[in-house]
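Per the numbering used here, the first sequence runs over residues 107 to 761.
Where a beta carbon is used, it is the ideal one built from N, C-alpha and C, also for glycine.
The model shown is predicted, which means the values in this text are computed figures rather than measured ones.
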Amino acid sequence: MKVTLKDGSSKEYASAMSIYDIAMDISEGLARVAVAGEVDGEVKDLRTTLTTDCTLNILTANDQEGLRVLRHTCSHVLAEAVKVLRPNAKLAIGPAIDEGFYYDFDTEPFSREDLDAIEAEMKKIIKAGNRLERFELPRAEAIKFMADREEPYKVELIEDLPEDAIISFYSQGDAFTDLCAGPHLMNTKGIKAFKLTSSSMAYWRGDSNKARLQRIYGSAFANKDDLNAYLAHLEDIKMRDHNKLGREMKLFLTADVIGQGLPLFTPKGTKMIMKLQRWIEDLEDNEWGYVRTRTPLMAKSDLYKISGHWDHYQDGMFILNEGNEDKEVMALRPMTCPFQYYVYMNEQHSYRDLPYRMAETSTLFRNEDSGEMHGLTRVRQFTITEAHIILRPDQAEEELTKCVELCNYVMKTLGIDGDVTYRLSKWDPNNKTKYLGDDKYWDETQAYLRNVMQKNNITFTEADGEAAFYGPKIDIQAKNVYGKEDTMVTIQLDCAAAEKFGMYYIDENGEKVRPWIIHRTSMGCYERTLAWLIEHYAGKFPTWMCAEQVRILPISDKYIDYANKVAAALKKAKVDVTVDSRSEKIGYKIREARLDKLPYMLVVGEKEEADSTVSVRSRFAGDEGIKTLDEFVAQIVEEIENKTIREEIPEDERK
RNA sequence: GCUUCCGUGGCCCAGUCGGUAGGGCAACUGAUUCGUAAUCAGUAGGUCAGGGGUUCGAUUCCCCUCGGGAGCUCCA
Numbered sequence: 107m108k109v110t111l112k113d114g115s116s117k118e119y120a121s122a123m124s125i126y127d128i129a130m131d132i133s134e135g136l137a138r139v140a141v142a143g144e145v146d147g148e149v150k151d152l153r154t155t156l157t158t159d160c161t162l163n164i165l166t167a168n169d170q171e172g173l174r175v176l177r178h179t180c181s182h183v184l185a186e187a188v189k190v191l192r193p194n195a196k197l198a199i200g201p202a203i204d205e206g207f208y209y210d211f212d213t214e215p216f217s218r219e220d221l222d223a224i225e226a227e228m229k230k231i232i233k234a235g236n237r238l239e240r241f242e243l244p245r246a247e248a249i250k251f252m253a254d255r256e257e258p259y260k261v262e263l264i265e266d267l268p269e270d271a272i273i274s275f276y277s278q279g280d281a282f283t284d285l286c287a288g289p290h291l292m293n294t295k296g297i298k299a300f301k302l303t304s305s306s307m308a309y310w311r312g313d314s315n316k317a318r319l320q321r322i323y324g325s326a327f328a329n330k331d332d333l334n335a336y337l338a339h340l341e342d343i344k345m346r347d348h349n350k351l352g353r354e355m356k357l358f359l360t361a362d363v364i365g366q367g368l369p370l371f372t373p374k375g376t377k378m379i380m381k382l383q384r385w386i387e388d389l390e391d392n393e394w395g396y397v398r399t400r401t402p403l404m405a406k407s408d409l410y411k412i413s414g415h416w417d418h419y420q421d422g423m424f425i426l427n428e429g430n431e432d433k434e435v436m437a438l439r440p441m442t443c444p445f446q447y448y449v450y451m452n453e454q455h456s457y458r459d460l461p462y463r464m465a466e467t468s469t470l471f472r473n474e475d476s477g478e479m480h481g482l483t484r485v486r487q488f489t490i491t492e493a494h495i496i497l498r499p500d501q502a503e504e505e506l507t508k509c510v511e512l513c514n515y516v517m518k519t520l521g522i523d524g525d526v527t528y529r530l531s532k533w534d535p536n537n538k539t540k541y542l543g544d545d546k547y548w549d550e551t552q553a554y555l556r557n558v559m560q561k562n563n564i565t566f567t568e569a570d571g572e573a574a575f576y577g578p579k580i581d582i583q584a585k586n587v588y589g590k591e592d593t594m595v596t597i598q599l600d601c602a603a604a605e606k607f608g609m610y611y612i613d614e615n616g617e618k619v620r621p622w623i624i625h626r627t628s629m630g631c632y633e634r635t636l637a638w639l640i641e642h643y644a645g646k647f648p649t650w651m652c653a654e655q656v657r658i659l660p661i662s663d664k665y666i667d668y669a670n671k672v673a674a675a676l677k678k679a680k681v682d683v684t685v686d687s688r689s690e691k692i693g694y695k696i697r698e699a700r701l702d703k704l705p706y707m708l709v710v711g712e713k714e715e716a717d718s719t720v721s722v723r724s725r726f727a728g729d730e731g732i733k734t735l736d737e738f739v740a741q742i743v744e745e746i747e748n749k750t751i752r753e754e755i756p757e758d759e760r761k
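Below you can see the structure in the form of structure tokens.
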């Protein structure tokens with residue numbers, strides 16, 4: 107038997123060998139860290155015996171695949187521990203996930219104390235060092251096996267498999283056996299570092315009509331250092347969480363009596379948003395050829411009946427005057443589209459006038475379910491940089507490309523271009539009633555967007571069931587600190603709306619023709635964008651978007667007049683500046699300014715006043731020395747105008 | 001909307017086995033006039049999320065509502 111290794115080398119073995127023995131053979135001691143083997147691309151248990159020629163990749167806990175095997179085994183140890191402490195708990199499923207593993211149980215909720223007790227029990231099991239043994243049963247016997255053990259969820263899982271299936275199990279010692287295809291570590295002793303991180307509720311098979319289970323999350327690593335680094339990472343995440351940091355930094359707040367998903371922005375948060383808004387509006391209007399509209403925040407239900415929202419999206423709208431026969435039923439707008447269509451239809455358009463690009467900084471209302479709201483990323487009222495582009499079909503490719511370019515430019519300027527991924531969001535072919543249009547419409551429009559992305563060399567994934575009900579989307583997705591993905595920017599192609607609303611343009615033959623429509627955002631909504639900026643920068647924003655860019659710190663009251671003079675010079679240059687005129691020591695003022703994550707502090711005292719200079723201290727580099735006032739003004743004005751993202755020198759590398 | 005945990009001054013938290021609350025930071029006032037991450041002293045601030053119930057008495061126990069976290073479901 108010839109075994110080819112990943113590095114291309116190969117070795118002949120006279121008789122059948124287990125992966126474990128081969129691992130021992132190739133490199134003495136490797137088996138101590140080997141957790142599984144990848145045989146011809148398929149991950150196998152270490153004990154698997156190889157009999158024929160194959161390629162073999164020994165996986166260790168340092169490999170991504172190997173780590174999954176380790177974590178998967180850890181989830182089985184978790185299951186055993188729970189069965190020890192709660193013999194009546196019923197087992198559901200326990201897979202490895204991206205950053206760890208979980209296991210679902212039908213039992214009472216777990217408290218943190220319960221998790222600690224379970225961890226202790228797991229340690230005992232690991233220390234006992236039970237071997238994991240694989241065995242197989244025919245389907246009928248497998249069902250009986252789990253029925254005898256009173257594990258209804260396992261029985262259900264096996265019943266879903268074909269009649270002739272051979273079912274695989276793993277036992278770990280005598281005490282515990284679980285339904286599992288594997289692979290696993292050979293021995294529970296291989297788990298060197300793990301932690302149960304949280305518990306929560308989950309539905310059996312993710313179905314809210316089915317049983318409510320208790321899920322325990324945990325993670326496992328090759329060694330304690332990796333685990334500690336992961337736990338430190340979790341702490342760092344908490345520090346960046348926009349919902350915590352944004353409130354701490356006094357950018358926004360919520361009030362119980364105002365309601366869920368309705369954030370209030372403070373002067374500081376508002377100033378940041380206004381900087382983003384003024385930038386994007388100027389950009390669109392001046393450089394990208396948009397006209398701007400202002401349209402109502404509500405409309406009669408008739409409008410939404412034409413647009414299709416009344417039939418497809420009624421649950422998501424705030425409806426007014428419902429049940430009041432004396433008054434007309436209205437709804438707050440969940441989107442701007444039809445409002446701008448009427449602006450377009452206000453006059454006749456020639457084919458020469460297209461594309462007609464209408465932009466609006468638009469406040470929208472969406473009646474999200476109460477459990478969906480989160481910080482600034484899922485809210486009931488938000489303001490979005492929206493546009494609708496009315497165009498001829500022959501212009502679509504070029505215009506879609508322009509939209510992608512604008513979004514790229516915006517992401518890059520915000521400094522978050524590295525955080526995003528592209529997705530082609532398609533309809534759900536198995537649930538067509540949710541959508542307008544037929545197979546042909548969706549096949550064509552989806553192919554169209556796919557083609558545009560391919561031609562622009564964009565790497566993207568495709569997802570079913572993520573489209574708007576009226577058309578497919580190019581979505582630019584970003585993950586929050588917890589790894590949860592949300593749509594940042596969306597570019598949608600809609601070839602159906604024009605027909606419904608009776609929109610047309612006059613072509614070169616004088617005929618009325620239906621235009622196509624692109625719905626697009628350039629930055630997404632300000633609430634969500636601010637959330638991402640907070641998390642991306644951990645509150646240390648680039649200077650241009652900071653609400654307070656410079657704080658002047660007079661050494662004592664004697665220099666307040668000079669501080670005000672410096673402030674006036676900066677204000678004249680449109681820099682957001684304040685003076686800390688409190689009778690505090692300079693060290694105290696610096697400490698506070700640093701806690702406020704300010705980009706620049708200017709210390710002024712006797713020397714500075716005498717020479718018309720400022721002593722510059724920045725968040726980026728610490729002490730930047732003495733500069734003349736003119737010099738500093740020129741420097742910061744340039745930084746703000748160019749929207750420079752200055753790199754921060756780590757504290758310990760500063761002079 | 002579902003399950004679960006949670007809600008004590010602006011923030012972080014302590015406390016009450018039922019007898020209406022305390023600390024640190026912040027704020028305010030005074031003194032200090034200071035050279036690169038915390039000067040000293042004093043003052044004020046809480047119907048213990050809101051409502052109802054049990055009780056002689058509730059912030060503490062029970063119920064409902066509102067709000068927050070986690071996880072589902074959802075997401076134009």
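C-beta atoms of residue i and residue j nearer than 7 angstroms
i: TYR528; j: PHE566; result: yes
i: ALA673; j: VAL685; result: yes
i: GLU242; j: SER277; result: no
i: ALA653; j: LYS377; result: yes
i: PHE216; j: GLN366; result: no
i: VAL149; j: PRO289; result: yes
i: VAL309; j: TYR208; result: According to the sequence provided, residue 309 is Tyr. The question's Val does not apply to it. Not a contact, by the Cβ cut-off of 7 angstroms.
i: ALA287; j: SER274; result: yes
i: VAL139; j: VAL175; result: no
i: VAL656; j: TYR694; result: no
Span of the beta strand (DSSP E), counted from its first residue to its last, around residue i
i: HIS625; result: 622-631
i: CYS513; result: Unbroken run through CYS513 is the alpha helix (DSSP H), 502-520; no beta strand (DSSP E).
i: PHE445; result: Unbroken run through PHE445 is the alpha helix (DSSP H), 443-450; no beta strand (DSSP E).
i: SER306; result: 299-309
i: TYR706; result: 706-710
Which listed residue (the options) has its alpha carbon closest to that of residue i
i: ASN329; options: LYS298, ASN430 and MET629; result: LYS298
i: ASN586; options: LYS250, ARG321, GLU757 and GLY481; result: GLY481
i: GLU715; options: LEU735, LYS703 and GLU730; result: LEU735
i: LEU370; options: GLU591, THR489 and VAL149; result: THR489
i: ALA637; options: SER687, PRO756, LEU359 and ILE496; result: LEU359
i: SER468; options: ASN452, ARG458, PHE445 and HIS455; result: PHE445
i: GLU754; options: LYS518, ALA740, ARG725 and VAL743; result: ARG725
i: THR354; options: ILE364, VAL363 and THR372; result: Per the sequence shown, residue 354 should be read as Glu rather than Thr. Of ILE364, VAL363 and THR372, the residue nearest in Cα terms is THR372.
i: VAL145; options: HIS178, SER121 and LYS108; result: LYS108
i: MET441; options: MET451, GLU453, MET594 and TYR410; result: TYR410
i: LEU438; options: TYR450, MET423, GLU431 and GLU428; result: MET423
i: HIS625; options: ALA246, ASP254, ILE364 and GLU466; result: GLU466
i: HIS339; options: ALA699, MET707 and GLY589; result: GLY589
i: THR110; options: ALA122, ASP421 and ASN163; result: ASN163
i: TYR336; options: LYS301, ALA405, PRO402 and ILE732; result: LYS301
i: VAL190; options: ARG634, LEU470 and ILE224; result: ILE224
i: GLY296; options: PRO244, LYS233, ILE249 and LYS356; result: LYS233
Whole-angstrom C-beta distance between residue j and residue i, which should lie under 8 angstroms
i: THR294; j: GLY235; result: 6 angstroms
i: GLU503; j: ARG486; result: Rounded, the Cβ-Cβ distance is 36 angstroms, inconsistent with contact.
i: GLU730; j: HIS348; result: About 29 angstroms; that fails the 8 angstroms criterion.
i: ALA185; j: ASP284; result: 6 angstroms
Unbroken alpha helix (DSSP H) run spanning residue i, endpoints
i: GLY143; result: No alpha helix (DSSP H) holds GLY143; the beta strand (DSSP E) holding it covers 140-145.
i: PRO258; result: 258-265
i: ASN557; result: 545-561
i: ARG353; result: 348-354
i: GLU171; result: 170-191
i: LYS671; result: 666-678
i: PHE251; result: 245-254
**Touching by the beta-carbon criterion (3+ pairs, under 8 angstroms), the region 621-638 and the region 659-667** = Put simply, the region 621-638 does not touch the region 659-667. Fewer than three CB pairs are less than 8 angstroms apart.
**Touching by the beta-carbon criterion (3+ pairs, under 8 angstroms), the region 600-614 and the region 641-651** = Judged by Cβ distances under 8 angstroms, the region 600-614 makes no contact with the region 641-651, as fewer than three pairs qualify.
**Validate contact between the region 449-466 and the region 389-403 using beta carbons, cut 8 angstroms, 3 pairs** = Inter-segment contact for the region 449-466 and the region 389-403 is present: three or more beta-carbon pairs are separated by less than 8 angstroms.
**Message:** With three or more beta-carbon pairs closer than 8 angstroms as the criterion, would you say the region 153-164 touches the region 124-131?
**Reply:** Using a C-beta cut-off of 8 angstroms, the region 153-164 makes contact with the region 124-131, since at least three inter-stretch Cβ pairs fall below that distance.
**Prompt:** Should the region 538-550 be regarded as contacting the region 503-514, the criterion being three or more beta carbon pairs within less than 8 angstroms?
**Reply:** Contact between the region 538-550 and the region 503-514 is absent: fewer than three C-beta pairs spanning the two stretches fall below 8 angstroms.
**Message:** Can you confirm whether the region 188-199 touches the region 165-172 when touching is taken to mean that 3 or more C-beta pairs between the two stretches lie within less than 8 angstroms?
**Reply:** Verdict: no, contact absent.
**Request:** Take every Cβ of the region 255-271, pair it with every Cβ of the region 109-116, and state whether three or more of those distances are shorter than 8 angstroms.
**Result:** The region 255-271 is not in contact with the region 109-116.
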